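If you count by my numbering, then the sequence shown holds residues 1 to 417, one letter each, in order.
Don't be surprised by glycine CBs; every beta carbon is placed ideally from N, CA and C.
Since the structure is predicted, the reported quantities are computational estimates derived from the model, not experimental observations.
Reading through the structure tokens given below for one structure.
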Amino acid sequence: MSDVSGLPLIGAAALRARAAARVLRTLPTDTKDAALRTMADALVERADEVLAANAADVEAAAADGTSAAILDRLRLDAGRIAGVADALRHLVALPDPVGDVVRGSTLANGLQLRQVRVPLGVVGIVYEARPNVTVDAAGLCLKSGNAALLRGSASAHRTNTALVAVLTEAAQKAGLPEGSVELLPADRASVGELLNARGLVDVVIPRGGASLIQRVVREARVPVIETGEGNCHVYVDASADPATAEAVVLNAKTHRVSVCNSAETLLVHRDVPFLPRLLSALADAGVTLHGDAAVQAAHDAVVPATDEDWATEYLSMDLAVRVVDDLPAALDHIERWGTGHSEAIVADSARAVADFTAGVDAAAVLVNASTRFTDGGEFGFGAEIGISTQKLHARGPLGLPELTSTTYVVTGRGHTR
């Protein structure tokens, strides 16, 4: 058993999760799916107590001067609770990755080789002000055979406590072991303990702002799957259809501004003739435009942009706008300022599309489609832990397969070497 003397806040929870993970990795799909259904039903049945806890969190956060974008992330209503319950039900319909054979062969010496998906084990998730992540993370971890150690923010602690109480009670009624889902204390010290729980925690996934992610990457002794900021760009090529460009840009920026896959910078080819119309549409939608000299000359509602604007994940109704000489210049801008999350091109030119998709380095590249589609649910993966912007071990939406590792099963008939 691992030493927990240096983990006074999370040690007991981590030990319970470790024990639960040994059971979860062996459970059949039917048992896990039944638990997910029971958890979904319980969320709907006990929505009132979750909403009461959430109302207290939102009221306290508003009194502390929390921004509108963060309050939107924090707030639950009956529709959002129904949505996260539906996400659990959708997980039931998805294939269980555990036991999938990634590849297999019979070697020349007769040994049978199979690479099989297995759970990661104990997955720690550190996240900010998004109580829906509590449900999504618990469901994804359980379906993939993992125990979940959840460390949400202090601003959502009442809500998370209520949610985890509902989920754990339902899960245990459905036959899952104690410790399958654990909520950690919402203080700074608990994060430090989680990041140092090597031997108890198999991986930590941060989901939040830049400061949180940087702290996790900097301090962790446990392996990390990094979910990054979303400084996402839309590039409008000279060949773009005006109506398509307007629809994509407006949706990418204004559909929901507080999420990581909303667009933060618009890059427009210098030969696009409809830039004034596009800027007017954005301004009419309530977007504050931060632009370079060429953009300022095209519309009187534009304020001057600085390097800070190109680097900013606004999470608000603000958009940085730049006119670029050509597609390579757009790629240069994205290379300098992008975060590797989602990058979009609007173009009718097949050559431009090919050059952009080949030349941009991002977890998701969207062609004539909004950046808002970079999402596990939209991709058909079900709920997600987050969007990984690193290249190991997973990239893009972290769904069920991304919460597994692999084991090589080698079967012989008394083979010796």
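Residue i vs residue j beta-carbon contact at 9 Å
i       : j       : result
Leu-279 : Leu-267 : no
Leu-195 : Glu-229 : no
Gly-124 : Cys-232 : no
Leu-149 : Leu-184 : yes
Leu-94  : Leu-43  : no
Val-122 : Val-201 : yes
Asn-112 : Thr-411 : Strictly speaking, residue 112 in this sequence is Gln, with Asn absent from that position. Contact flag set, yes.
Thr-227 : Ser-388 : yes
Ala-281 : Glu-246 : yes
Leu-331 : Val-360 : yes
Ala-238 : Ala-352 : yes
His-269 : Arg-372 : no
Val-421 : Val-98  : Lying outside 1 to 417, the shown extent of the chain, residue 421 is not represented and no answer is given.
Arg-400 : Asp-96  : The sequence as given places Leu at residue 400; Arg does not occur at that position. Yes, Cβ-Cβ distance for Leu-400 and Asp-96 is below 9 Å.
Ser-155 : Ala-61  : yes
Ala-69  : Ser-370 : no
Asp-375 : Asn-261 : yes
Val-23  : Ala-12  : no
Trp-310 : Ala-320 : yes
Leu-392 : Asp-355 : no
Chain-order list of residues whose beta-carbon lies under 6 Å from that of residue i (same chain, five-residue window excluded)
i       : result
Arg-322 : Leu-267 and Asp-292
Glu-402 : Ala-394
Ala-174 : Ala-34, Ala-35 and Thr-38
Pro-223 : Val-203
Arg-221 : Asn-196 and Arg-198
Arg-73  : Ala-129, Arg-130 and Ser-258
Ala-53  : Arg-158, Thr-159 and Ala-162
Gln-296 : Val-302
Phe-381 : Pro-397 and Gly-399
Val-324 : Leu-267 and Ala-330
Asp-318 : Thr-288
Arg-413 : none
Own chain residues within Cβ distance below 7 Å of residue i, not counting five before or after
i       : result
Glu-49  : Ala-162
Ala-298 : Leu-275, Pro-276 and Leu-279
Arg-417 : none
Glu-313 : Glu-229, Gly-230, Asn-231 and Glu-264
Leu-212 : Val-126, Glu-128 and Pro-206
Ala-20  : Ala-147, Pro-177, Glu-178, Gly-179 and Ser-180
Ala-82  : Val-44
Rounded Cβ spacing between residue i and residue j (contact assumed at less than 8 Å)
i       : j       : result
Gly-152 : Thr-134 : 6 Å
Ala-17  : Ala-147 : 4 Å
Leu-275 : Thr-159 : Leu-275 to Thr-159, Cβ: 43 Å. No contact.
Ala-344 : Val-234 : 5 Å
Thr-407 : Leu-120 : At roughly 12 Å, the Cβ-Cβ gap does not stay under 8 Å, so Thr-407 and Leu-120 are not in contact.
Val-92  : Leu-71  : Their Cβ separation, rounded to whole angstroms, is 32 Å, which puts Val-92 and Leu-71 out of contact at 8 Å.
Ile-10  : Glu-193 : 5 Å
Asn-368 : Val-248 : 7 Å
Proximal residues to residue i (C-beta, below 8 Å), its chain only, five neighbours per side dropped
i       : result
Met-1   : Because Met-1 carries a pLDDT of 49, less than 50, the predicted location of this residue cannot be relied on, and the following value inherits that uncertainty. Here the set comprises Leu-15.
Asp-241 : Val-346 and Asp-348
Asp-136 : Val-84, Ala-87, Ala-383, Glu-384 and Ile-385
Val-181 : Ala-138, Cys-141, Leu-142, Ala-147, Ala-148, Leu-150, Val-164, Leu-167, Thr-168 and Ala-171
Ala-78  : Ala-47 and Leu-51
Asp-41  : Ala-85 and Ala-170
His-415 : Asn-109, Gly-110 and Leu-111
Gly-6   : Glu-193 and Asn-196
Thr-357 : Ile-345, Val-365 and Val-367
Ala-305 : His-290, Gly-291, Asp-292, Val-295, Ala-320, Val-321 and Arg-322
Beta-ladder partner(s) of residue i, from DSSP
i       : result
Pro-242 : For Pro-242, which the question treats as bridged, DSSP gives no partner whatsoever.
Glu-343 : His-233 and Val-365
Asp-309 : Partner(s): none; Asp-309 has no beta bridge.
Thr-227 : Ser-388
Thr-407 : Val-116
Asp-318 : Thr-288
Leu-266 : Val-234 and Val-321
Leu-27  : Per DSSP, none; premise fails for Leu-27.
Ile-205 : Ile-125
Pro-397 : Ile-387
Ala-252 : According to DSSP, which records beta bridges pairwise, Ala-252 is partnered with nothing at all.
9 Å Cβ cutoff, residue i in contact with chain C
i       : result
Asp-332 : No chain C is present in this structure, which holds just one protein chain.
Legend entry - beta strand (DSSP E) runs contained entirely in the segment 83 to 145, provided each spans 3 or more residues: 101 to 106, 112 to 119 and 122 to 127
Legend entry - Complete alpha helix (DSSP H) runs within the segment 153 to 190 (minimum length 4 residues, chain order): 157 to 173
Legend entry - Runs of alpha helix (DSSP H) wholly within the segment 29 to 80 (minimum 4 residues, chain order): 29 to 45, 47 to 63 and 68 to 74, all fully within the segment 29 to 80.
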